Each structure stands twice: as C-alpha cells, then as structure tokens.
Amino acid sequence: MAQSATLSRVFEELDRELAIYRGLAGMLEEQYLVATRLDTSAMVRISDAIAREVRALDANGSARHPRLLDVVALICRRGNDASVSPQLDASQHAQLEARCRELRQLAVQCKALTVRNGNLLASQFEGMHQVLHGETHTYAPG
19 MAQSATLSRV FEELDRELAI YRGLAGMLEE QYLVATRLDT SAMVRISDAI AREVRALDAN
79 GSARHPRLLD VVALICRRGN DASVSPQLDA SQHAQLEARC RELRQLAVQC KALTVRNGNL
139 LASQFEGMHQ VLHGETHTYA PG
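Per the working numbering, the sequence shown runs over residues 19 to 160.
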C-alpha cells in the first residue's frame, strides 16, 4: 500500500509541475506577442502572471521531498530491454517515463522562450534608449 501511495504521489507531483510548465509556456508565448505590440499594460499583466507561475514552480520544488527526483530517475533509467522496474508494471513505467520526458521538454521549451523574449525586450529597450537619448558619436572629430 505504501508503494502505491508513493507512486500516486509521484504522479500527482509530476502532473502538477506539468500543468504549471504548460501554463508558463503559453504565457511566455503571450508575452512575446504583447511585446511585439508594445502594449505596456498587457506586458505588466502577463509579466505578473509569469512571476506567479515561477513562484508556484519554486514552491512545488521546495515542497517536494529532496530525494524524489532521484527515485524517479532511477525508476526511469533503463539498462536493457528487460529492465522495467520491478516495483512498476510496464504501463506504470511507460506513464512515468512519458511524464518525465514531457517535463524535460517543457523545461527546455520554457527556457528557450524566456531567452527569445529577453532578447526581444533587450532589443526594444536598446532601440527606445537610442530614440530618447540619441546615439553617442564615437567617431566624432575632436
């Protein structure tokens, strides 16, 4: 019974993180669109929502037992074709692997979206700075 409860907890925590990452990916896409429109009020709103999701991820990570990810990694690791974990049936193992794979993919996707959005915002800031303050004339005769 304890093993079943532990497995249920693992699935619940993975599902919770997957939901947060899916929402975060959608918000990062929305942030990019808002940034391209230069909509300041919408940017504040979406940035606040993104910050809330990131805090939720941090809280979920802090609440997780520190060894849980190690256990999941051991369960998901395959040495050969017959290495399905003895604690899990094939279906449970496949579900766990699928969740872990999706979580990794979403984390990589969110990181890429964050970099893309950051580059756009930095470029916009640089452009606005040049418009408002002019460019320094590095090669002006002296």
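Backbone N, C-alpha and C define an ideal beta-carbon position, used for all residues, glycine too. From a predicted model like this one, the values you see are computed outputs, not experimental measurements.
Rounded to whole angstroms, how far is the Cβ of Gln127 from the Cβ of Ala43, which I believe are closer than 8 Å?
About 6 Å; that satisfies the 8 Å criterion.
Counting beta carbon pairs with one atom in the region 29-36 and one in the region 57-69, are three or more of them shorter than 8 Å?
Pairwise C-beta distances place the region 57-69 out of contact with the region 29-36, as fewer than three of them are shorter than 8 Å.
Per-residue DSSP class, three states only, for Asp66:
helix
Output yes or no for whether 7 Å exceeds the beta carbon distance between Glu48 and Ile64.
yes
First and last residue of the alpha helix (DSSP H) that includes Leu121?
The continuous alpha helix (DSSP H) containing Leu121 extends over residues 108-151.
Status (buried if at least 16 other CB within 10 Å, exposed otherwise) for Arg122:
exposed
Integer-rounded CB distance, given that Leu25 should sit under 8 Å from Gln110
The pair is a contact, with the Cβ atoms about 7 Å apart (cut-off 8 Å).
For Asn98, count neighbouring Cβ atoms within 10 angstroms of its own Cβ and tell me buried if that reaches 16, exposed if not.
Model confidence at Asn98 stands at a pLDDT of 41, short of 50, so the residue's coordinates are unreliable and nothing is read from them.
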